[in-house]
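Chains as they are written, first to last, in our numbering: chain A, 326 to 439; chain B, 299 to 411.
Backbone N, C-alpha and C fix where the C-beta goes; we use that ideal spot for every residue, glycine too.
Below: one structure, written as structure tokens.
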């Protein structure tokens, strides 16, 4: 059973296109996250949702819009894709956003913008 | 100064060796600390939490020095399967009741037969 799943696993698209990445978790967690890992392997938080409410919104271009239809899903829509958006995007979830709550990561979506 | 700094390596060690990774963090308000492991082209996974008193899990020992804002991970009797990137992770308060993980860039370990 997959705990945190993401689709698609690979996404190759051209500059200027709009694309979405979907994330689902079946762990019963109430907090979900999007991270970006760039070519230098630096993993950085983009957004966090707790019970469908946005609680963390780091300095991310407003071309990126997360949507959480329910606690088990957090999707990421990206408008007007740019070359610099090429990266691996990881979804994660945890039980509450607490001090010691482990975050479980999805397998990642490797986005390549050409 | 970066929030979480690690030596990127790579560390190339023979099987059976002991290897130590260091990490420093800049925010003295950070409240909890972890080591995550990331295999090549895979997602990060929690290896262990780090407590002030130091803690051990089998061949892995983690230490925290709050005064120096320093975290370490020691791996004894290295196995080939330990080859991965080890991420130092710090948790800090982000706002009312919420917390945020900040990841270091990771230290790459290759265990050689």
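7 angstroms Cβ cutoff met for residue i and residue j
i              : j              : result
residue 307(B) : residue 375(B) : no
residue 254(B) : residue 347(B) : Within the shown structure, residues of chain B are numbered from 299 to 411, placing residue 254(B) beyond reach of any answer.
residue 397(A) : residue 350(A) : yes
residue 339(B) : residue 382(B) : no
residue 369(B) : residue 358(B) : no
Three-state class that DSSP yields for residue i in the structure shown
i              : result
residue 393(A) : strand
residue 411(A) : coil
residue 370(B) : strand
residue 415(B) : There is simply no residue 415(B) to check, as chain B begins at 299 and stops at 411 in what is shown.
residue 451(A) : An answer regarding residue 451(A) cannot be provided, because it is not within the stretch 326 to 439 covered by chain A.
residue 379(B) : helix
residue 354(A) : coil
residue 401(A) : strand
Neighbour-count burial assignment, residue i, 16 or more Cβ in a 10 Å radius
i              : result
residue 337(A) : exposed
residue 439(A) : exposed
residue 331(A) : buried
residue 407(B) : buried
residue 329(B) : exposed
residue 352(B) : exposed
Cβ neighbours of residue i in the same chain (closer than 7 angstroms, five flanking residues each side left out)
i              : result
residue 377(B) : 313, 409
residue 436(A) : 336, 410, 411, 412, 414
residue 362(A) : 368, 412, 413, 415
Neighbourhood of residue i by C-beta distance below 6 angstroms, restricted to the same chain and skipping five residues each side
i              : result
residue 400(B) : 301, 302, 388
Beta-carbon contacts of residue i that lie in its chain and below 8 angstroms, excluding the five residues immediately before and after
i              : result
residue 394(A) : 377, 400
residue 299(B) : 324
beta-carbon residue i near the ligand PLP non-hydrogen atom, thresh 6 angstroms
i              : result
residue 383(B) : The model depicted lacks the ligand PLP and carries no ligand whatsoever.
Contact set between residue i and chain C, taken where Cβ atoms lie within less than 9 angstroms
i              : result
residue 432(A) : The structure shown contains no chain C; its protein chains are A and B.
The region 426-434 of chain A / the region 402-409 of chain A touching (three or more Cβ pairs under 8 angstroms): no
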